[in-house]
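*Asks:*
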Amino acid sequence: MSLSTNKMFYVSWEAFHRATKELAYQLLGQDYNAIVAVSRGGLVPAAILARELNIRVVDSICVASYEHDKQGSLSILKDASLADSDKLLIVDDLVDTGETAKALREHFPKACFVTVYAKPQGKPLVDKYVTDIEQDTWIQLPWDMELAYSKPLAEK
Ligand SMILES: O=P(O)(O)OC[C@H]1O[C@H](OP(=O)(O)OP(=O)(O)O)[C@H](O)[C@@H]1O
Ligand code: HPA
Ligand SMILES: [Mg+2]
119 MSLSTNKMFY VSWEAFHRAT KELAYQLLGQ DYNAIVAVSR GGLVPAAILA RELNIRVVDS
179 ICVASYEHDK QGSLSILKDA SLADSDKLLI VDDLVDTGET AKALREHFPK ACFVTVYAKP
239 QGKPLVDKYV TDIEQDTWIQ LPWDMELAYS KPLAEK
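Those letters in the sequence shown? Residues 119 to 274, per the numbering used here, in order.
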């Protein structure tokens with residue numbers, strides 16, 4: 119899925135916070151004791167979940183997708199130092215094609231993989247998520263946007 123689609127789902131900071139808090143409610147009482155954020159998109163929801171679930175141990179794994187011919191394959195730029203465990207939460211902002219989630223599940227087979235948003239193709243790879251988004255829709259996340267002037271309708 120690329121940014122060339124014209125279907126957009128715009129997410130404000132408040133909406134992102136609300137949805138991530140809903141994810142925290144779903145995870146409450148499940149005894150997770152550490153988080154691995156999938157950098158960069160997973161850093162923000164990981165911070166919110168860590169606060170809501172009172173988890174003090176937070177690590178990151180830094181990944182990057184290859185371009186063009188190697189599209190879909192993933193390289194790990196920095197691994198997490200936490201070992202795989204069924205008490206570990208792997209947190210990303212969204213799952214789209216599922217390529218990132220697939221690689222992370224192979225890397226952390228025992229852990230629980232969660233995202234805030236999920237598109238149909240990636241959904242089967244996520245243990246928990248909050249909001250369904252259509253496959254042909256681009257999710258515009260709050261850290262990728264800024265406030266801007268909007269012309270009155272009569273002038274458009
Ligand atoms: O299901 P997929 O098709 O693999 O897409 C989902 C991944 O894509 C985005 O990260 P991206 O690689 O754009 O990098 P970023 O988190 O550094 O922005 C998002 O944060 C997920 O990690
Ligand atoms: O819909 C999306 N929005 C932002 N980043 C993404 N990375 C993969 N899909 C998306
Ligand atoms: Mg990402």
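Built from N, CA and C at the ideal position, the CB exists for glycine as well.
1. Spell out the partners DSSP gives Leu-206 in its beta bridges.
2. Within 8 Å: the Cβ of Thr-215 and any heavy atom of ligand 3?
3. Which two residues bound the contiguous alpha helix (DSSP H) that contains Leu-173?
4. Looking at the unbroken beta strand (DSSP E) that takes in Leu-192, where does it start and where does it end?
5. For a quick check, are the C-beta atoms of Ile-208 and Leu-222 less than 9 Å apart?
6. Ends of the alpha helix (DSSP H) at Tyr-143?
*Replies:* Quick answer:
1. Position 88 of the sequence shown, counted from the start, is the residue given in the question as residue 206. Bridge partners of Leu-206: Ala-152.
2. To locate residue 215, count along the sequence shown from 1; it is residue 97. No, since every heavy atom of ligand 3 falls outside the 8 Å radius drawn around the Cβ of Thr-215.
3. As a first step, residue 173 is located in the sequence shown; it is residue number 55 there, counting from the start. Note that residue 173 is Ile in the sequence shown here, rather than Leu. Boundaries cannot be given for Ile-173, as no alpha helix (DSSP H) includes it and DSSP labels it neither H nor E.
4. Working through the sequence shown from its first residue, we reach residue 192 at position 74. Boundaries of the beta strand (DSSP E) around Leu-192: 192-196.
5. Along the sequence shown, one-based indexing puts residue 208 at 90. Along the sequence shown, one-based indexing puts residue 222 at 104. Yes, the pair counts as a contact, with Cβ atoms nearer than the cut-off.
6. Translated into positions along the sequence shown, residue 143 becomes position 25. Residues 131-145.
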